[in-house]
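A.B. asks: One structure is given below, represented as structure tokens, and several questions about it will come after.
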Amino acid sequence: MNNLERLWAIEEIKQLKARYFRYLDTKKFQDLRQVFSADAVFDVSDAMRDPVTGTPPGAIEIPRMSGLENIVAGIAEVLGSAQSVHHGHMAEIDVTSLGTATGIWSMEDIVLTDEFQLRGYGHYHETYEKTAEGWRIKTLKLTRLRATVEQANRQD
Amino acid sequence: MNNLERLWAIEEIKQLKARYFRYLDTKKFQDLRQVFSADAVFDVSDAMRDPVTGTPPGAIEIPRMSGLENIVAGIAEVLGSAQSVHHGHMAEIDVTSLGTATGIWSMEDIVLTDEFQLRGYGHYHETYEKTAEGWRIKTLKLTRLRATVEQANRQD
Amino acid sequence: MNNLERLWAIEEIKQLKARYFRYLDTKKFQDLRQVFSADAVFDVSDAMRDPVTGTPPGAIEIPRMSGLENIVAGIAEVLGSAQSVHHGHMAEIDVTSLGTATGIWSMEDIVLTDEFQLRGYGHYHETYEKTAEGWRIKTLKLTRLRATVEQANRQD
């Protein structure tokens, strides 16, 4: 691969991740089917675990999920009735071949439901693969720098 | 257009949007004249409208504005005496021709005045055109994921 | 330089800055030695100074530092026992020659220690140089749009 091919792949992967965030927060859950590969693995099991204080009161368990259909259904279940904001920053995309890449993203999220209010910060550690339909997220693992969870109503 | 031309246009538009944010928050309002096209349309009329709770107490009306001079004057009026932070994230720039492009940006903003404190999250939906002086924002429309407005003093 | 060389340099510098942030917040302070040039100058002396309200109670002094070893030691001293999040946004990288570049980044940071809680917003103004080992940060200067400091415990 030459540098132009690498730069183009990096831009395509950045826009893939941008669609991931936008579909999450605008609740276009069916569109998430075009973001993940069929055998994707999605692990945000640390989403509500603060590295300093541990799992705070009010936290819920989000199991590791695998397979496109399970992931989309699982995301829709957690976020379907929530008000959420997910932002990604400072991509470190490494294109390892014409069809594979790895990425690290810094992130911040806000998830507000009737049961809890989450504010978190951390990193996504991801792999990507290029399918006939374009780049897809193959694995996603979230680690936390900080997370606070409050049991509270949405209108604070 | 080839991929190199597209990547270069994307980078130029990203830096255009970066200047837009920086001029806003550092109050270089006259420099905003180099950011918009002469016939630009600027619509942040939903800036203080939360999609879940509706328009909260303390919100002000920001009308849709058109034309470079009106936009710059309108921004200066709202932000001139405010302390503000505007951040953009996760650009989805689509270069549709050598001289036209569209973009979606995730965003977060903080605007603190003597009358209100706004914290908002949402997306900019934009179009761009390339003039003799470079890329310019032609249309900007803000949609909200979440917005809170408090009537409060600045020093909380 | 042609546009492809510029775009590649910009991408390398973005990933350099991404590693800077990630090493800071994951406390990989020794890895920061691969981020700065030997004679780097690091100036975050305004980190706790709010441009509207001035230096708030609880703020500490962070002196301007120069030289790789001093910078890494100084960062480790401030952040070693802190919980921190640093995010960069909206890069304006200008590649001024094959081996030199300038950059402006919008930023947000959270630094929580037993003594203080800092939340800040501002811009990094930076220069870079390309060494035999790749791009390095040569000078970094932080300016603030807003900063709040509270004397408080970490678990609020």
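First to last, the sequence lines map onto chains W, R and H.
All residue numbers in the first sequence are consecutive under the numbering used here, ending with 1077.
All residue numbers in the second sequence are consecutive under the numbering used here, ending with 1077.
All residue numbers in the third sequence are consecutive under the numbering used here, ending with 1077.
Note that beta-carbon positions come from the ideal geometry of N, C-alpha and C, so glycine has one too.
The model shown is predicted, which means the values in this text are computed figures rather than measured ones.
State the beta-bridge partners of aspartate 964 of chain H as determined by DSSP.
C.D. replies: As a position in the third sequence, residue 964 of chain H is number 43, starting the count at 1. Within the DSSP secondary-structure output, aspartate 964 of chain H pairs in a beta bridge with H:Lys1062.
A.B. asks: With a threshold of 6 Å on Cβ separation, who are the neighbours of valine 1070 of chain H within its own chain once the five nearest residues in sequence on each side are excluded?
C.D. replies: By one-based count along the third sequence, residue 1070 of chain H stands at place 149. Met969, Pro977, Gly979, Ala980, Phe1037 and Leu1039, listed in sequence order.
A.B. asks: Got a sec: is the Cβ-Cβ distance from isoleucine 983 of chain R to anything in chain W below 9 Å?
C.D. replies: Position 62 of the second sequence, counted from the first residue, corresponds to residue 983 of chain R. With 9 Å as the cut-off, isoleucine 983 of chain R does not count as an interface residue toward chain W.
A.B. asks: Span of the alpha helix (DSSP H) holding leucine 953 of chain R?
C.D. replies: Taking the second sequence and counting its residues from 1, the one referred to as residue 953 of chain R is at position 32. Careful: leucine 953 of chain R lies outside any alpha helix (DSSP H) and carries neither H nor E.
A.B. asks: Using beta carbons (cut-off 9 Å, strictly below), is aspartate 1077 of chain W in contact with chain H?
C.D. replies: Here residue 1077 of chain W corresponds to residue number 156 of the first sequence, with the count starting at 1. Its pLDDT being 46, under 50, aspartate 1077 of chain W is placed unreliably by the model, and the measurement read from it follows with that caveat. No, aspartate 1077 of chain W does not count as interfacial toward chain H.
A.B. asks: Under the rule that 16 or more other beta-carbon atoms within 10 Å means buried, what is glutamate 1029 of chain H, buried or exposed?
C.D. replies: Numbered from its first residue, the third sequence carries residue 1029 of chain H at position 108. Buried, since its Cβ has 16 or more Cβ neighbours within 10 Å.
A.B. asks: From the DSSP output, in three-state form, read off tryptophan 1025 of chain W for me.
C.D. replies: Position 104 of the first sequence, counted from the first residue, corresponds to residue 1025 of chain W. Just to set this straight, residue 1025 of chain W is isoleucine in the shown sequence, not tryptophan. Isoleucine 1025 of chain W carries a strand assignment under DSSP once its states are collapsed to helix, strand and coil.
A.B. asks: Please classify leucine 1061 of chain H: is it buried, with 16 or more other beta-carbons within 10 angstroms of its beta-carbon, or exposed?
C.D. replies: Reading the third sequence from its first residue, position 140 is the one you call residue 1061 of chain H. Answer is buried; the Cβ neighbour count reaches 16.
A.B. asks: Helix, strand or coil: which one does DSSP assign to isoleucine 981 of chain H?
C.D. replies: In the third sequence, the residue the question calls residue 981 of chain H occupies position 60. Note: isoleucine 981 of chain H maps to coil in three-state DSSP.
A.B. asks: Candidates H:Glu1054, H:Arg985 and H:Val956: which alpha carbon is nearest threonine 1122 of chain H's?
C.D. replies: Summary: the structure shown does not reach residue 1122 of chain H, with chain H confined to residues 922 through 1077, and so no result is reported for it.
A.B. asks: Anything in the stretch 941-975 of chain R with a Cβ closer than 8 Å to a Cβ of chain H? List those residues in chain order, please.
C.D. replies: Residues of the stretch 941-975 of chain R that bring their beta carbon within less than 8 Å of a beta carbon in chain H comprise Phe942, Arg943, Asp946 and Thr947, in sequence order.
A.B. asks: Between histidine 1044 of chain R and tryptophan 1026 of chain R, which are expected to be in contact by the criterion C-beta below 8 Å, what is the C-beta distance as a whole number of angstroms?
C.D. replies: For this step, residue 1044 of chain R is matched to residue 123 along the second sequence. For this step, residue 1026 of chain R is matched to residue 105 along the second sequence. Confirmed, about 7 Å.
A.B. asks: How many Å lie between aspartate 1077 of chain R and glutamine 1072 of chain H at the Cα?
C.D. replies: Looking up residue 1077 of chain R in the second sequence gives position 156. Looking up residue 1072 of chain H in the third sequence gives position 151. Residue confidence for aspartate 1077 of chain R is low, a pLDDT of 46 falling below 50, so the modelled location carries little weight; the figure read from the coordinates is stated next. Between aspartate 1077 of chain R and glutamine 1072 of chain H, the C-alpha separation is close to 14 Å.
A.B. asks: How long is the line joining the alpha carbons of methionine 922 of chain R and threonine 1021 of chain R, rounded to whole angstroms?
C.D. replies: Indexing the second sequence from 1 puts residue 922 of chain R at position 1. Indexing the second sequence from 1 puts residue 1021 of chain R at position 100. Going from the Cα of methionine 922 of chain R to the Cα of threonine 1021 of chain R covers about 12 Å.
A.B. asks: Based on the DSSP secondary-structure assignment, which residues constitute the bridge partners of threonine 1052 of chain R?
C.D. replies: Here the question's residue 1052 of chain R lines up with position 131 in the second sequence. Threonine 1052 of chain R is bridged to R:Gly1055.
A.B. asks: Kindly list, in the order they appear in chain R, the residues whose Cβ is closer than 7 Å to that of valine 1006 of chain W.
C.D. replies: As a first step, residue 1006 of chain W is located in the first sequence; it is residue number 85 there, counting from the start. Within 7 Å Cβ-Cβ: Tyr1042, Leu1066 and Arg1067.
A.B. asks: Return the first residue and the last residue of the beta strand (DSSP E) that valine 999 of chain W is part of.
C.D. replies: Here residue 999 of chain W is taken as the residue at index 78 of the first sequence, counted from 1. Note, valine 999 of chain W: premise wrong, no beta strand (DSSP E); alpha helix (DSSP H) at 989-1000.
A.B. asks: Which residue or residues does DSSP assign as beta-bridge partners of tyrosine 1045 of chain H?
C.D. replies: In the third sequence, counting from the first residue as 1, residue 1045 of chain H sits at position 124. Under DSSP, tyrosine 1045 of chain H forms a beta bridge with H:Trp1026 and H:Leu1063.
A.B. asks: Around the C-beta of threonine 1048 of chain W, are 16 or more other C-beta atoms found within 10 angstroms, so that it is buried, or is it exposed?
C.D. replies: Position 127 of the first sequence holds residue 1048 of chain W. The residue in question, threonine 1048 of chain W, is buried, as its Cβ has 16 or more Cβ neighbours within 10 Å.
A.B. asks: Rounded to the nearest angstrom, how far is the Cβ of valine 999 of chain W from that of isoleucine 983 of chain W, given a contact under 8 Å?
C.D. replies: Position 78 of the first sequence holds residue 999 of chain W. Position 62 of the first sequence holds residue 983 of chain W. 6 Å between Cβ atoms; contact.
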